[in-house]
Amino acid sequence: MAFQKKLINDPNDVVIEFIEGLVETYPGLQHLDGFPAVKVVLRADVSSATYDKVAVISGGGTGHEPAHAGFVGEGMLTTAICGDVFTSPPVDSILAGIRAVTGARGCLLIVKHGEPGAAVVDLQPVDVIISHVLKQILSAQHNRSAILFWCFY
Numbered sequence: 001m002a003f004q005k006k007l008i009n010d011p012n013d014v015v016i017e018f019i020e021g022l023v024e025t026y027p028g029l030q031h032l033d034g035f036p037a038v039k040v041v042l043r044a045d046v047s048s049a050t051y052d053k054v055a056v057i058s059g060g061g062t063g064h065e066p067a068h069a070g071f072v073g074e075g076m077l078t079t080a081i082c083g084d085v086f087t088s089p090p091v092d093s094i095l096a097g098i099r100a101v102t103g104a105r106g107c108l109l110i111v112k113h114g115e116p117g118a119a120v121v122d123l124q125p126v127d128v129i130i131s132h133v134l135k136q137i138l139s140a141q142h143n144r145s146a147i148l149f150w151c152f153y
């Protein structure tokens with residue numbers, strides 16, 4: 001009899017099952033319409049039509065720890081955009097996540113690598129304006145970068 005070494009039913013469904021489990025466990029969270037093609041986790045009490053605060057958005061590839069979605073909640077992230085395993089989220093999902101939670105006050109989009117940020121800037125629709133790149137932070141010790149974008153509708 002073979003012993004199971006991982007808590008994964010099917011490697012192809014690991015991200016979808018993670019999001020489903022997270023949303024079932026925490027009633028304050030929901031996934032965006034279009035799930036599972038659009039893998040966006042957001043606060044259930046937030047909508048772009050009524051949200052009067054700056055939305056804080058982050059995300060990234062889902063790997064050993066799909067940490068971004070675990071930080072969605074009041075006082076933390078407004079939404080997390082999940083990519084597949086070790087893959088950045090697709091631009092369509094990023095834009096869907098921005099539109100879903102960004103109200104009149106705009107959003108802070110936290111992009112941890114330069115390439116996904118450049119893709120969002122290049123492929124943005126007319127209604128999203130990247131008005132200012134706040135700061136690029138470089139860490140010589142680990143050679144990692146972070147870019148913060150301030151977005152307004």
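Counting in UniProt numbering, the sequence shown runs from 1 upward without gaps. Just so you know, even glycine gets a beta-carbon here, dropped at the ideal spot from N, CA and C. Being a predicted model, the structure only gives us computed values, none of them experimental.
{"Asked": "Boundaries (first-last residue) of the beta strand (DSSP E) holding A55", "Found": "55 to 62"}
{"Asked": "Residue range of the unbroken alpha helix (DSSP H) whose run includes residue 217", "Found": "Summary: the structure shown does not reach residue 217, with the chain confined to residues 1 through 153, and so no result is reported for it."}
{"Asked": "Where the alpha helix (DSSP H) through R99 begins and ends", "Found": "91 to 101"}
{"Asked": "Option nearest T102 by Cα separation, candidates V54, V111, G61", "Found": "V54"}
{"Asked": "Helix, strand or coil at V23 [DSSP, three-state]", "Found": "helix"}
{"Asked": "Test item: CB-CB of I19 and H31 under 7 Å", "Found": "yes"}
{"Asked": "Reference Y51; option with closest CA among V111, A104, I110, L108", "Found": "A104"}
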